[in-house]
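Each residue of the sequence shown is one higher than the one before, counting from 35 in the numbering used here.
Structure, as structure tokens:
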Amino acid sequence: MKILIAPLNWGLGHASRCIPIIRHYLTKGYEVVLAGDGEALSLLRRNFPDLRVMALPHLNLRYSNGNSQIRAMLRAFPKIIAWAIADHKALKKILRTEPFDRVISDNRFGCYAKGVQSVYITHQLLIPLPRPWQWLQPMLHRVHLLIIQRYSECWIPDHATEPSLSGKLSHYYPLPSNARFVGVLSRFPVHSCEVPPTGSYDVVAVLSGLEPQRTLFEQAIIGEYSRTGKSLLIVRGKPDAPFCKITKNNITLVPYMDDALLQHFLLQAETVIARSGYSTVMDLYALGVLSRSRLVPTPGQPEQEYLAAYIGSLGKH
Numbered sequence: 035m036k037i038l039i040a041p042l043n044w045g046l047g048h049a050s051r052c053i054p055i056i057r058h059y060l061t062k063g064y065e066v067v068l069a070g071d072g073e074a075l076s077l078l079r080r081n082f083p084d085l086r087v088m089a090l091p092h093l094n095l096r097y098s099n100g101n102s103q104i105r106a107m108l109r110a111f112p113k114i115i116a117w118a119i120a121d122h123k124a125l126k127k128i129l130r131t132e133p134f135d136r137v138i139s140d141n142r143f144g145c146y147a148k149g150v151q152s153v154y155i156t157h158q159l160l161i162p163l164p165r166p167w168q169w170l171q172p173m174l175h176r177v178h179l180l181i182i183q184r185y186s187e188c189w190i191p192d193h194a195t196e197p198s199l200s201g202k203l204s205h206y207y208p209l210p211s212n213a214r215f216v217g218v219l220s221r222f223p224v225h226s227c228e229v230p231p232t233g234s235y236d237v238v239a240v241l242s243g244l245e246p247q248r249t250l251f252e253q254a255i256i257g258e259y260s261r262t263g264k265s266l267l268i269v270r271g272k273p274d275a276p277f278c279k280i281t282k283n284n285i286t287l288v289p290y291m292d293d294a295l296l297q298h299f300l301l302q303a304e305t306v307i308a309r310s311g312y313s314t315v316m317d318l319y320a321l322g323v324l325s326r327s328r329l330v331p332t333p334g335q336p337e338q339e340y341l342a343a344y345i346g347s348l349g350k351h
């Protein structure tokens, strides 16, 4: 079987939760080809350097500096529509020259085609909006449902029964006819490491997401912990950057870290700091460190604001 994997380039979460899927297919002896753009594709290439790569149209979005992202997303909406159309055309062009048995898209809205089994991965059957705009949520759900129905299958990375990790995001509306829960998808745990890791940090911060909020979050963490004696590791979430380890006093920064080493430091840390993106929640759950994690939502991103509050209400498992 020949499979094309294409995650959305919106932070690193969509790509990271494709990693266990890729590993699964490789263990079955299937041919896997990676597709996408930006840092999401770079993340997959770092994890699977021997796999072939195909470029798809680039989606270059930015958040605002403030606590609301409504204007930024409204400005980006025409760009997102044009990108999804271009994505669909690019996939059809690929399939004309090279057949695939299955195309798996993590939230790339246009990666479906007739004559090939197309799979859409999402945990957001309900897409939350800020309070003044919540009256639009049912309409947005119907639009998303139209997208989902263009695919052969919709995979929801969560437990089918409560308590779930995504809460109402995937359990509020009735399940689409082509949808099913596939369980938690996490790049952890990694069971092997070529060089046994040593050492630990009091606090490990794992960053991701769109600029400038990623940088603002990094600066806030540095400002908070530069005044303490706690050792802090910041994994900056920049898989495109050349590796450079910077240590100043009690703070160490690295652009990216391989999964086995990152797993070690997360398991050893007293506190883990991260955005409350859903893929991050699944990773921390898989490692059993949600109870000592501080989840900080991106300002103005209702999904992350909901997840931070929801996981907190569950006692973080």
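Glycine is no exception: its CB is placed at the ideal position from the N, C-alpha and C atoms.
- For Ile307, the closest C-alpha among the options Arg326, Met316 and Leu296 is that of Arg326.
- Given a length threshold of 4 residues, each whole run of the alpha helix (DSSP H) inside the region 191-230 is given here in chain order: 202-205.
- Secondary structure remark: continuous alpha helix (DSSP H) runs of at least 4 residues inside the region 281-325, in chain order: 293-302 and 312-321.
- Non-local C-beta neighbours of Leu341 in its own chain, meaning closer than 8 Å and more than five positions away in sequence, comprise Ser200, Gly201, Leu203, Ser310, Gly311, Tyr312, Val315, Leu329 and Pro331, ordered along the chain.
- By the neighbour-count criterion, in which a residue is buried when 16 or more other Cβ atoms sit within 10 angstroms of its Cβ, Tyr344 is buried.
- DSSP places Pro164 outside both helix and strand once states are collapsed to three, so it counts as coil.
- The DSSP-derived three-state label of Met173 is helix.
- Per DSSP, Pro246 lies in no alpha helix (DSSP H) and is assigned neither H nor E.
- CA-CA distance, Leu266 to His298, rounds to 14 Å.
- Around the beta-carbon of Leu90, 16 or more other beta-carbon atoms lie within 10 Å, marking it buried.
- In the DSSP annotation of this structure, Gln338 is not part of any beta strand (DSSP E); the continuous alpha helix (DSSP H) holding it starts and ends at Pro336 to Ser347.
- In this structure, Pro191 keeps its C-beta atom at 8 Å or more from the C-beta atom of Ala320.
- With contacts defined as CB atoms closer than 8 Å, His48 and Pro41 qualify as a contacting pair.
- Using a 10 angstroms sphere on the CB of Gln338, the tally of other CB atoms reaches 16 or more, which defines it as buried.
- In this structure, the CA atom of Pro83 is about 29 Å from the CA atom of Ile114.
- A check of alpha carbon separations from Tyr206 across Ser242, Val240 and Ala194 identifies Ala194 as the nearest.
- Residue state for Ser152 is assigned as strand, using DSSP reduced to three classes.
- Looking at the backbone, the Cα of Pro273 and that of Asn81 are separated by about 10 Å.
- Put simply, the backbone Cα of Gly334 is about 13 Å away from that of Glu245.
- The beta carbons of Cys52 and Ile37 sit no closer together than 8 Å.
- Taking Val288 as reference, the option from Glu187, Ala239 and Tyr259 with the minimal CA-CA separation is Ala239.
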